[in-house]
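Report on one structure; see the data block that follows.
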Amino acid sequence: MGFRTTLATLVALVTLGATACGATPQTSPTIDNLVTNTPTVSATYTPTAVPTATPEPVYQEVQGVRVPTNIYLEGDSCIPMELQGQEKCVNMFVYGTSPVVPDNWEGIVNVIGDIEIRNLTIEPGTEVYVTAHNDINNLFTYPGNMLQGINETHENIEGVHYGEYFYDEGNHITINVTGELYAVGTEEEPILITSDAAEPTRWDWNELIFRSGIMEYNIVEYSRPVHMGGEHDAGVPPETIIKNSIIRHTGGAGLFVLYTNIVIDGIQIYDPAHEGIGGLGVSDGVDYQIIRNSTIGPILGYICIGGDGKGTPPEIYDNIIQGCEHGIYFLPQPEQEFPVEDYLNNNEFINVRVKFSDTGD
């Protein structure tokens, strides 16, 4: 054993003995002492942003071409397609649900599958072409709407009359805006929502549905009815305005009004398979439903303007109502008084067999 080793051993024994005999050993530095006695070292950390990659678009085949979907193709990056027999350079191919589907549409838009989106803005001059008789992504599977073929019974089945095509939702596109639609064009730049077929017909696509919003200077055609409003138990009724627009060549009603306050002003509806405007007066919780300065008809159905007389009576004035069996028709309700004389005096009826009916005759 060397000298240094012997010395270290003796020191250790003396320390141990002192402790055992009650002597107080020298206090070792604590963590607090170390922190206090250690010089402060300051440093600035600048985090480096981690780059996030833009998700690659999902590609789908449209007219034999693989195209990116749900992104805006600007300028020369648009893709030529044949829409209604003409070549159009498409800026957006859209389908699906929020938040994948863009909530602002502009340019030339091709809807290739069902849409369910919270809010939607359509810019002035936008042309929306809905793929006819095809749906790459069916979102709506209500059994009644999945029926195919022609209604060959003399019963109204899920809103489809004798001799009409069923909804066949699996092969027809629906655009459902569960919140607000803001589709405001101008007289010079109207918004077009139509079929992409070379020879379009009614029933090419199913429905445009929205809960509330504004449609102005729009042309909607070759679909089922344009539905607006919410369910009766949805609380305060939403607000809807439709102005200076054309709705035509629809399979079903032109407009179908659900639970909503609505102003319909300066529109034209012609060549619907059923009513021009249906569903009015059905809900007793709305404050107003106004139709004015509009031309309704000619129509293929029986009723230009109609509904159920159990709710708030609509205001219908300064309109031209033409080419239908019943100009204005509401199912009678014994507890409700409808302003018949106001309807007769404040509207012009042309080629209408019965101007106003509240009897069901």
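In this note's numbering, the protein residues as written are 26 to 386.
Built from N, CA and C at the ideal position, the CB exists for glycine as well.
Keep in mind the model is a prediction, meaning the values are calculated, not measured.
Endpoints, the alpha helix (DSSP H) within which residue i is located
i: Tyr207; result: Here Tyr207 belongs to no alpha helix (DSSP H); instead the beta strand (DSSP E) covers Ile200 to Val209.
i: Tyr368; result: Val365 to Asn370
Candidates the options, of which the one nearest residue i by Cα
i: Pro263; options: Gly306, Tyr313 and His351; result: Tyr313
i: Arg388; options: Asn286, Val245 and Tyr207; result: No answer is possible for residue 388: the residues shown for the chain start at 26 and end at 386.
i: Ile239; options: Ile315, Thr146 and Ala223; result: Thr146
i: Phe165; options: Glu232, Pro215, Ile289 and Glu194; result: Glu194
i: Ile321; options: Cys103, Asp101, Thr337 and His274; result: His274
i: Ile218; options: Asp128, Glu177, Lys268 and Ile272; result: Ile272
i: Glu180; options: Gly188, Gly174 and Gln173; result: Gly188
i: Thr285; options: Gln293, Ile294, Asp309 and Lys268; result: Asp309
i: Tyr192; options: Pro250, Ile353 and Pro93; result: Pro250
i: Ile140; options: Pro124, Gln111, Lys113 and Gln173; result: Pro124
i: Ile287; options: Ile294, Pro168 and Thr337; result: Thr337
i: Gly121; options: Asn344, Asn135, Glu205 and Gly304; result: Asn135
i: Gln111; options: Thr94, Val153, Ile104 and Ala223; result: Ala223
i: Leu356; options: Val282, Ser220 and Lys335; result: Lys335
i: Ile266; options: Gly304, Asn116, Glu241 and Val185; result: Glu241
Extent of the continuous beta strand (DSSP E) to which residue i belongs
i: Tyr120; result: Met117 to Thr122
i: Leu325; result: Where Leu325 is concerned, there is no enclosing beta strand (DSSP E), given that its DSSP letter is neither H nor E.
i: Cys245; result: According to the sequence shown, residue 245 is Val rather than Cys. Asn243 to Glu246 is the span of the beta strand (DSSP E), which, as asked, contains Val245.
i: Gly255; result: Neither: Gly255 is in no beta strand (DSSP E) and is coded neither H nor E.
i: Phe281; result: Leu280 to Val282
i: Leu305; result: Ile302 to Leu305
i: Asp309; result: No beta strand (DSSP E) holds Asp309; DSSP gives it neither H nor E.
i: Leu145; result: Leu145 to Ile147
i: Pro93; result: Val90 to Pro93
i: Gly138; result: Ile133 to Ile142
i: Asn286; result: Asn286 to Asp290
i: Val155; result: Glu152 to Val155
i: Tyr295; result: Gln293 to Tyr295
i: Arg317; result: Gln314 to Arg317
i: Tyr342; result: Glu340 to Tyr342
Helix, strand or coil at residue i according to DSSP, with G and I counted as helix
i: Glu224; result: coil
i: Glu232; result: coil
i: Asn163; result: coil
i: Pro105; result: strand
i: Pro263; result: coil
i: Asn170; result: helix
i: Thr49; result: Unreliable positioning characterises Thr49 in this predicted model, as indicated by a pLDDT of 43, which lies under 50. The coordinate reading is nonetheless provided below. Note: Thr49 maps to coil in three-state DSSP.
i: Gly348; result: strand
i: Glu81; result: coil
i: Gly277; result: coil
i: Asn181; result: coil
i: Val60; result: In this prediction, Val60 scores a pLDDT of 41, lower than 50, which makes its location untrustworthy; the coordinate-derived value is nonetheless stated afterwards. Looking at Val60 - three-state DSSP - the assignment turns out to be helix.
i: Gly238; result: strand
i: Gly100; result: helix
i: Asn129; result: strand
i: Glu194; result: helix
i: Arg378; result: strand
i: Thr337; result: coil
i: Glu373; result: strand
Cutoff 9 Å: residue i Cβ touching any chain D Cβ
i: Leu233; result: Of the protein chains in this structure there is only one, and it is not chain D.
Near the ligand GDP: residue i beta-carbon under 8 Å from a heavy atom
i: Thr122; result: Because no ligand of any kind appears in the structure shown, any question about the ligand GDP cannot be addressed here.
Exercise. Are the region 340 to 360 and the region 370 to 380 touching, with three or more C-beta to C-beta distances below 8 Å?
Worked result: Touching, yes, given that three or more Cβ pairs across the two stretches are closer than 8 Å.
Exercise. Per the contact definition of three or more C-beta pairs closer than 8 Å, is the region 297 to 304 in contact with the region 269 to 286?
Worked result: yes
Exercise. Hey, is the region 171 to 178 in contact with the region 197 to 206, meaning 3+ C-beta pairs nearer than 8 Å?
Worked result: no
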